[in-house]
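**Student:** Each number in this note's numbering corresponds to the 1-based position in the sequence shown with 1430 added. Dropping a structure here in structure tokens format, bear with me for questions.
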Amino acid sequence: MSAPSRPDVPDPQTLQKLEHDLRAAVPRGEVAFGARRRAEYAQDASTYRQVPSAVVLPADTDELAAALAACHRLSVAVTLRGAGTSIAGQAVGDGVVIDTSRHLNRVLEVDPEARTAKVEPGLVQAALQKAVKPHGLRFGPDPSTHARCTIGGMIGNNACGTHSVAWGRTADNIVELEVLTYDGVRLTLRSLKPDELQQIIDEGGRRGEIHEQLRDLRDAHLAMLRTEFGRFRRQVSGYSLEHLLPENGFHLPAAMVGTEGTCVVVVSATVKLVPLPRRRTLIALGFADLPAAGDAAQHVLRHEPIACEGLGGDQVAALRRNVPDARPEEMLPEGAGWLLCEFVHDDLTPDLQAEQARAEVLKKDTGAIDVRLVQEAAEQAVLWRIREDSSGLATRAPDGSEAWPGWEDSAVPVEKLGDYLRDLVALLDRHGLQGTPYGHFGEGCVHIRIDFDHETAEGVKIFRQFMSDAADLVASHGGTLSGEHGDGQARAEFLPQVFSEEAMAAFGVFKAIWDPGNRLNPGVLVHPRPADERLRIQPGHRPALQMATTFALEEDGGDFAKALRRCVGIAKCRTASSSGGVMCPSYRATGDEKNSTRGRARVLYEMVQGEVITDGWRSGEVAEALDLCLSCKGCKSDCPTGVDMATYKSEFLHQHHKGRIRPITHYSLGWLPLWSRLASLTPSLVNAIGGNKFTAALLKKAGGIAPERPIPAFAKQRFRKLFGKRPRPAEPGSRGKVLLWPDTFTEFMSPEVGLAAVEVLEYAGFEVILPADRLCCGLTWHTTGQLDTAKKVLERTLEAVDPYLLQGMPLVGLEPSCTSLFRTDATEMFPGDPRAGRLAKQTMTLAELLDQKAPDVAFGQLDATAMTQTHCHQHATLGSNADDRVLARTGVDSGRLDSGCCGLAGNFGFEKGHYDVSVAVGEQVLLPALREADPDTVVLADGYSCRTQIDQLSDRTPRHLAELLRDSVRALTK
């Protein structure tokens, strides 16, 4: 069968007609031909980049059908997309990309008796789990991207996940599919008995024709299908034609699973559900190396786990590098390779003796060198996070070089896994490559990111040769190219190395039955593009945009494009607030790809490339994409690849406004330290003006401040003055001196926080020193991209505080955002400057100082329950374990909200046009939690922004940790 001609970008005349027809077809959804939206969809989670001609977000399935019909009339290629987490290049295309995740995301029906659910394709897997949990049910397949991947995407790739050893692949859990062919035929696909199949064929029409051709295809290849297909469960590559066999019930829905959007468009899916486990335990087994763990996996299966996952030392080390307070090695048994084995129990009461005995039996049966039984849900969650984040953590090799998917999810029969891992490592060595395998070892599926060099022609040549050699290697072990992510463009070229000529011909016929014109996801799986075509990085390509940045970007070698490539598209930034963490508050509030960390990274990347977005740093599209970024830094820790969008936004704003008049808020809010100092001269007058309805309205209008926002009051006296008036300790501190940083908010707005900290520090035996007046960290200039001024301000501070640091004195910060700037951003602005290095090393939070340098200080016991809102910057760069330990010393029962950003985020929530999003972010978790909390609950919030948001949007009075500790001291000493 000759390959149909590959599609190109539609010509201008076709594009004009297409835009007209699509806008008519999609009146309520979105049709986008603009540069920004196309840039957002130019990449998925693979190594490929294809800028679409248009993006469509249909409002319902009728608009989906109408959009498809418009494309069919003009023979324009269509690529369906859910969360865009495809790793092999299946969710990018030249033609029209249709995103179902924005609107086609409903649970249509749940039948608890039949244990099924009918859903739309854009429904996120985690949302389905939430909907069926009240019925004691769940959907079995759960890939690591379960918090953002869609059911449609799982159907496209035949996703499996951690628990497939117990609950199977998506293909094993599909009951019925409602689909559209490219030419508009709407079909309901289900398993068919021979007489039912014949009846459909006899009815004729396009439906009968399709079914007849599928039957004929099956009958022509019965022997091949029975011997070459369905040999082991993770044989996902190619089309799963074994489901057409009579003994498999001519199961068309299962056969369509894994077709990667190349055959039909899914309109709805009916899926199987399984009972929720009543209780789970986790047994971690440690081995000398990862291949030894691979050898052991087959022996674990005899004990009937619901999960058996392999993990390597590099994933553990990467988590420790990227996440504050992470100490995963403390929770794992001894070893350099691990199996995480999960078991379910029918009873709710643990039998520790029996479960420990099982752990010891597993250790003996597998030859593990160490074992650990993990029963606590919180500890289990920490270990599963390492596994779930592995695809992101693995995108940087231990030496910092970039690592890429490609040979991402090969699979072999589990009994051959250990030998395959050894041979795979040897193959990497022969090609001079590195990568750490991990994955679903209980089913022989291996994930790996490899440090392919796509920047040079020689590197791409090595990439191609490795892929071909790896295909031969996996075939020699009886395996397959893909165990759950599909072949896409990355691996489809090498399918003839693992399938017979007869099987390859059958794939072509199967595709042609459904999509004879090759208009659905062309270039993928059948008639594929070469694996090295349309790579995200082109050998020898140098962006036209001048790339000298103000920030050092040291971890990326000063390369802004490389920094942006940290975003590999795994889309953890697209999770709902129920998934916890901070990232990404604006996406959670709006549900728009534009407002996700990934969407912004994509638009910035296209700005650098200069092909779609052509006006560089002056780009209005990039400014629009960054407008609702709260600069919360959540992505710096929550994104497994360490994307730091707050830094990229500051850099862009700096370059974008260079030599131009800035937005008024950059002056009114960006210069807040100066205005605060002036206001402190006559705070009563300033507060009267800010508190008056008419003058405040004029002031807010002039300053570009949201009219809904009250203007915060300034303190009657500055902290520094009150510090000088306080009662002095009789004796100098026995624990030495500390330099207490009087940030703008503590100095001019919340001096009571500073005084409380001084009282606690002096009680703990420290002598408190303040630096010279008129210093600032430069935070507000930093976040508004006024980096020249920010550097000048910080330079002055470095000069002033360095003499104290040279004495070994710790600097204690009370405002998390300022403390974070000293800890992380200072070295980015002054790379190689030993003063900045000392500042980063010696800056501590109040809790860290008390935890590390005064662990024996007794605090009074407070009979109180606290709810803690962690500042985003503290979450991202500082951590809060020390805070929890110090609070425990006071007897406070503290609950820390895993809620993300409060929504105010410094200047963001005060800027005109941001108020609604600011409130929507707060309503994700924080504000409902405040309303539900007992009136006596103490609300803790160290960030001034967090306290302001709580003050303005609730009836609670938040407090700083220092104030609660002061109360504890007084309770002990009164």
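For each residue, glycine too, the CB sits at the ideal point set by N, CA and C.
Could you say which of 1717, 1597 and 2073 lies nearest to residue 1986 if we only look at CA atoms?
**Tutor:** 2073
**Student:** Check each candidate in 2211, 1657, 2048 and 1488 and name the one with the smallest Cα separation from residue 2099.
**Tutor:** 2211
**Student:** Using the Cβ count rule (16 or more neighbours within 10 Å means buried), how would you classify residue 2124?
**Tutor:** By the neighbour-count rule (16 or more Cβ atoms within 10 Å), residue 2124 is not buried but exposed.
**Student:** What are the start and end residues of the beta strand (DSSP E) that includes residue 1739?
**Tutor:** According to the DSSP assignment, residue 1739 belongs to the beta strand (DSSP E) that extends over 1737-1742.
**Student:** Closer than 7 Å by C-beta to residue 2036: which residues in its own chain qualify, once you throw out the five before and the five after it? Chain order, please.
**Tutor:** Cβ neighbours of residue 2036 beyond the five flanking positions: 1469, 1472, 2042 and 2043.
**Student:** In this structure, does DSSP put residue 1834 in helix, strand or coil?
**Tutor:** Residue 1834: strand per DSSP, three-state reduction.
**Student:** Grab me the residues of residue 1913's own chain with a C-beta within less than 6 Å of its C-beta, minus the 5 sequence neighbours each way, in chain order.
**Tutor:** 1664, 1666, 1839, 1841 and 1875
**Student:** Once you ignore the five residues that flank residue 1637 on each side, which residues in its own chain have a CB closer than 7 Å to its CB?
**Tutor:** 1615, 1617 and 1630
**Student:** Since residue 2084 and residue 2217 are thought to touch, with beta carbons under 8 Å apart, how far apart are those beta carbons, to the nearest angstrom?
**Tutor:** 4 Å
**Student:** In angstroms with no decimal places, state the Cα-to-Cα distance between residue 2304 and residue 1474.
**Tutor:** When rounded, the separation of the alpha-carbon atoms in residue 2304 and residue 1474 is 30 Å.
**Student:** Can you give, in chain order, each stretch of the alpha helix (DSSP H) that sits fully within the region 1883-1951 and has at least 4 residues?
**Tutor:** 1887-1906, 1918-1922 and 1931-1944
**Student:** Mind checking who residue 1478 pairs with in its DSSP beta bridge?
**Tutor:** 1965
**Student:** Quick one: residues in its chain with C-beta nearer than 7 Å to the C-beta of residue 1432, no 5 flanking neighbours on either side, listed in chain order?
**Tutor:** Bear in mind that the predicted position of residue 1432 carries a pLDDT of just 41, short of 50, making it unreliable; the figure below should be weighed with that in mind. Counting only Cβ-Cβ distances below 7 Å, and skipping sequence neighbours, we find nothing.
**Student:** Classify residue 1716 as helix, strand or coil using the three-state DSSP reduction.
**Tutor:** strand
**Student:** Decide if residue 1435 is buried, meaning its Cβ has at least 16 other Cβ atoms within 10 Å, or exposed.
**Tutor:** In this predicted model, residue 1435 has a pLDDT of only 43, less than 50, meaning its place in the structure is not dependable enough to derive any value.
**Student:** By how many angstroms is the C-alpha of residue 2101 removed from the C-alpha of residue 1851?
**Tutor:** 57 Å
**Student:** Within 10 angstroms of the Cβ of residue 2389, are there 16 or more other Cβ atoms? Answer buried if so, exposed if not.
**Tutor:** buried
**Student:** Just tell me which of 2203, 1525 and 2147 has its CA closest to the CA of residue 2181.
**Tutor:** Selected option, being the one with the closest Cα: 2147.
**Student:** Find the nearest neighbour of residue 1602 within the set 1640, 1627 and 1700, judged by alpha-carbon distance.
**Tutor:** 1700
**Student:** Who does residue 1840 pair with in a DSSP beta bridge?
**Tutor:** The partner list for residue 1840 (beta bridge, DSSP) reads 1876.
**Student:** Short of 8 Å in beta carbon distance, which residues of its chain neighbour residue 1889, apart from the five on each side in sequence? Order them along the chain.
**Tutor:** Excluding its 5 nearest sequence neighbours in each direction, residue 1889 has C-beta neighbours in its own chain below 8 Å: 1882, 1883 and 1969, listed in chain order.
**Student:** From 2159, 2117, 2112 and 2093, pick the residue whose C-alpha is nearest to that of residue 2134; which is it?
**Tutor:** 2093
**Student:** With residue 2084 as the anchor, note down where its beta strand (DSSP E) starts and where it stops.
**Tutor:** Segment 2075-2086 is the alpha helix (DSSP H) holding residue 2084; no beta strand (DSSP E) there.
**Student:** Since I believe residue 1708 is in contact with residue 1778 (beta carbons under 8 Å), could you give me their beta-carbon distance rounded to a whole number of angstroms?
**Tutor:** About 6 Å separates the CB atoms of residue 1778 and residue 1708; that is less than 8 Å, so the two are in contact.
**Student:** Between the alpha carbons of residue 2087 and residue 1682, how many angstroms are there, rounded?
**Tutor:** Rounded to the nearest angstrom, the two C-alpha atoms are 57 Å apart.
**Student:** Scan the region 1643-1705 and note each continuous alpha helix (DSSP H) run of 4 residues or more that stays entirely inside, going in chain order.
**Tutor:** 1652-1658 and 1682-1686
**Student:** For the structure I just gave you, are there three or more beta carbon pairs, one from the region 1843-1862 and one from the region 1891-1911, closer than 8 Å?
**Tutor:** yes
**Student:** Given a threshold of 16 other Cβ atoms within 10 Å of its Cβ, counted over all protein chains shown, does residue 1446 qualify as buried or as exposed?
**Tutor:** exposed
**Student:** At which residues does the alpha helix (DSSP H) containing residue 1494 begin and terminate?
**Tutor:** 1491-1503
**Student:** May I have the straight-line CA-CA distance separating residue 2000 from residue 2274, to the nearest angstrom?
**Tutor:** 33 Å
**Student:** As a quick exercise: from 1685, 1739 and 1748, pick the residue whose alpha carbon is nearest that of residue 1940.
**Tutor:** For the residues 1685, 1739 and 1748, the minimum Cα distance to residue 1940 belongs to 1685.
**Student:** Let's test the definition: count the other Cβ atoms within 10 Å of the Cβ of residue 1376 and tell me whether it reaches 16, buried, or not, exposed.
**Tutor:** One cannot answer for residue 1376 here, as it falls past the ends of the chain, which runs 1431 to 2404.
**Student:** Excluding five sequence neighbours on each side, which residues of the same chain lie with their C-beta closer than 7 Å to the C-beta of residue 1619?
**Tutor:** Within the same chain, Cβ atoms closer than 7 Å to the Cβ of residue 1619 are found at 1606, 1607, 1609, 1682, 1683 and 1686, the five residues on either side in sequence being excluded.
**Student:** Starting from residue 1616, follow its DSSP beta bridges and name the residues at the other end.
**Tutor:** 1610
**Student:** Using a Cβ-Cβ cut-off of 8 Å (strictly less than) and excluding sequence neighbours within five positions of residue 2179, which residues of its own chain qualify?
**Tutor:** 2106, 2142, 2143, 2144, 2145 and 2374
**Student:** Here's the rule: buried if 16 or more other CB atoms are within 10 angstroms of the residue's CB, otherwise exposed. What is residue 1556?
**Tutor:** buried
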